[in-house]
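Chains P and Y, in that order, are what the protein sequence lines are.
So the first sequence is numbered by the working numbering: it starts at 1 and just counts up by one.
So the second sequence is numbered by the working numbering: it starts at 1 and just counts up by one.
The C-beta atom is built at its ideal place from N, Cα and C for all residues, glycine as well.
Working notes for the structure below.
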Amino acid sequence: MHNRIRELRAKQDLSQLELAQRVGVRRETIVFLEKGKYNPSLRLAHDIAKLFGLPIEEVFLFDDEVLEA
Amino acid sequence: MKRTIITFVVSALVLATLALWVLKGHFSGNTQEILQAAVVIVLVGFAVFLGVSRLRSHLRREPSEDELSRKVMTRASSLAYYISIYLWLFIMYISDKTSLATHSLVGAGILGMAVIFFVCWLGVKAFGTKNA
Numbered sequence: 001m002h003n004r005i006r007e008l009r010a011k012q013d014l015s016q017l018e019l020a021q022r023v024g025v026r027r028e029t030i031v032f033l034e035k036g037k038y039n040p041s042l043r044l045a046h047d048i049a050k051l052f053g054l055p056i057e058e059v060f061l062f063d064d065e066v067l068e069a
Numbered sequence: 001m002k003r004t005i006i007t008f009v010v011s012a013l014v015l016a017t018l019a020l021w022v023l024k025g026h027f028s029g030n031t032q033e034i035l036q037a038a039v040v041i042v043l044v045g046f047a048v049f050l051g052v053s054r055l056r057s058h059l060r061r062e063p064s065e066d067e068l069s070r071k072v073m074t075r076a077s078s079l080a081y082y083i084s085i086y087l088w089l090f091i092m093y094i095s096d097k098t099s100l101a102t103h104s105l106v107g108a109g110i111l112g113m114a115v116i117f118f119v120c121w122l123g124v125k126a127f128g129t130k131n132a
């Protein structure tokens with residue numbers, strides 16, 4: 001699974017720590033997500049997408065969707 | 001924070017007990033006792049490491065535990081369990097071929113389990129954990 005967290009975070013000028021604090025996880029979790037080492041729970045994915053004001057499918061993309069794009 | 005403090009207090013008490021054991025002259029330095037001390041030191045070291053990590057999270061106003069840290073612990077535990085089965089199988093195999101006493105072998109097994117868990121935990125932290 002791929003995600004656009006790094007890109008969206010940069011657009012909103014948010015640090016990893018700020019994003020982590022806003023969605024209630026540790027900074028390490030954001031690092032893992034951005035590196036693609038961890039797939040979040042539905043709850044966390046929802047919270048992150050909501051924070052960026054986007055639907056989940058625009059923040060988190062499955063590998064086949066990335067290939068199609 | 002409460003869990004972090006408890007981790008440090010328990011670690012300090014265990015280390016103090018170990019120090020008393022050594023200083024009071026009950027530690028003779030044979031293989032079995034070295035293994036027992038090693039088990040204690042490895043376990044306390046890991047607990048202190050986790051405690052420091054939680055403390056740093058607390059200072060950064062992050063939760064001390066979240067879904068990733070719980071998942072890492074679960075994954076590391078399950079991996080360590082699988083590997084430990086083979087460790088005990090190996091210990092059973094060598095038990096007939098070695099002069100080590102049963103309690104020394106059990107001590108070695110427990111130390112091995114602690115080390116295996118620590119290595120698994122490091123591995124899961126390094127490579128991540130996906131649901132794929």
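Cα-Cα separation, residue i to residue j
| i | j | result |
| --- | --- | --- |
| Y/V119 | Y/S84 | 12 Å |
| Y/E33 | P/E57 | 57 Å |
| Y/I116 | Y/L89 | 15 Å |
| P/Q16 | P/P40 | 15 Å |
| Y/V106 | Y/H26 | 20 Å |
| P/R6 | P/Q21 | 16 Å |
| Y/F127 | Y/V52 | 22 Å |
| Y/E65 | P/A49 | 22 Å |
Opening and closing residue of the alpha helix (DSSP H) in which residue i lies
| i | result |
| --- | --- |
| P/D47 | 42 to 52 |
| Y/K2 | 2 to 23 |
| P/S15 | From DSSP, P/S15 is part of no alpha helix (DSSP H); its letter is neither H nor E. |
| Y/E62 | Y/E62 -> no alpha helix (DSSP H), and no H or E assigned at all. |
| Y/S28 | Counting along the chain, Y/S28 falls outside any alpha helix (DSSP H), and DSSP gives it neither H nor E. |
| Y/L122 | 102 to 127 |
| P/R27 | 27 to 35 |
Contact with chain Y by residue i, beta-carbon distance below 8 Å
| i | result |
| --- | --- |
| P/E58 | no |
| P/E34 | no |
| P/L44 | yes |
| P/L17 | yes |
| P/R9 | no |
| P/R6 | no |
| P/G24 | yes |
| P/E65 | no |
Proximal chain P residues relative to residue i, where beta-carbon distance stays under 7 Å
| i | result |
| --- | --- |
| Y/R61 | Q21 |
Chain P contact for residue i (CB, 8 Å cutoff)
| i | result |
| --- | --- |
| Y/E33 | no |
| Y/K2 | no |
| Y/D66 | yes |
| Y/S57 | yes |
| Y/S11 | no |
| Y/S84 | no |
| Y/S69 | yes |
Under 9 Å from the C-beta of residue i: neighbouring residues of chain P
| i | result |
| --- | --- |
| Y/K24 | Within 9 Å Cβ-Cβ: nothing; Y/K24 doesn't reach chain P, min ~42 Å. |
Neighbour list for residue i in chain P, Cβ cutoff strictly below 8 Å
| i | result |
| --- | --- |
| Y/G128 | F32, K35, G36, K37, Y38 |
Short Cβ contact (8 Å threshold) for residue i with residue j
| i | j | result |
| --- | --- | --- |
| Y/L18 | Y/V40 | yes |
| Y/L68 | P/F60 | no |
| P/Y38 | Y/K125 | no |
| Y/I87 | Y/G109 | First, the residue type needs correcting, since residue 87 of chain Y is Leu and not Ile in the sequence shown. Their beta carbons are under 8 Å apart, which means Y/L87 touches Y/G109 by this criterion. |
| Y/L50 | Y/T102 | no |
| P/L51 | P/V23 | yes |
| Y/E62 | P/R27 | yes |
| Y/S104 | Y/T31 | yes |
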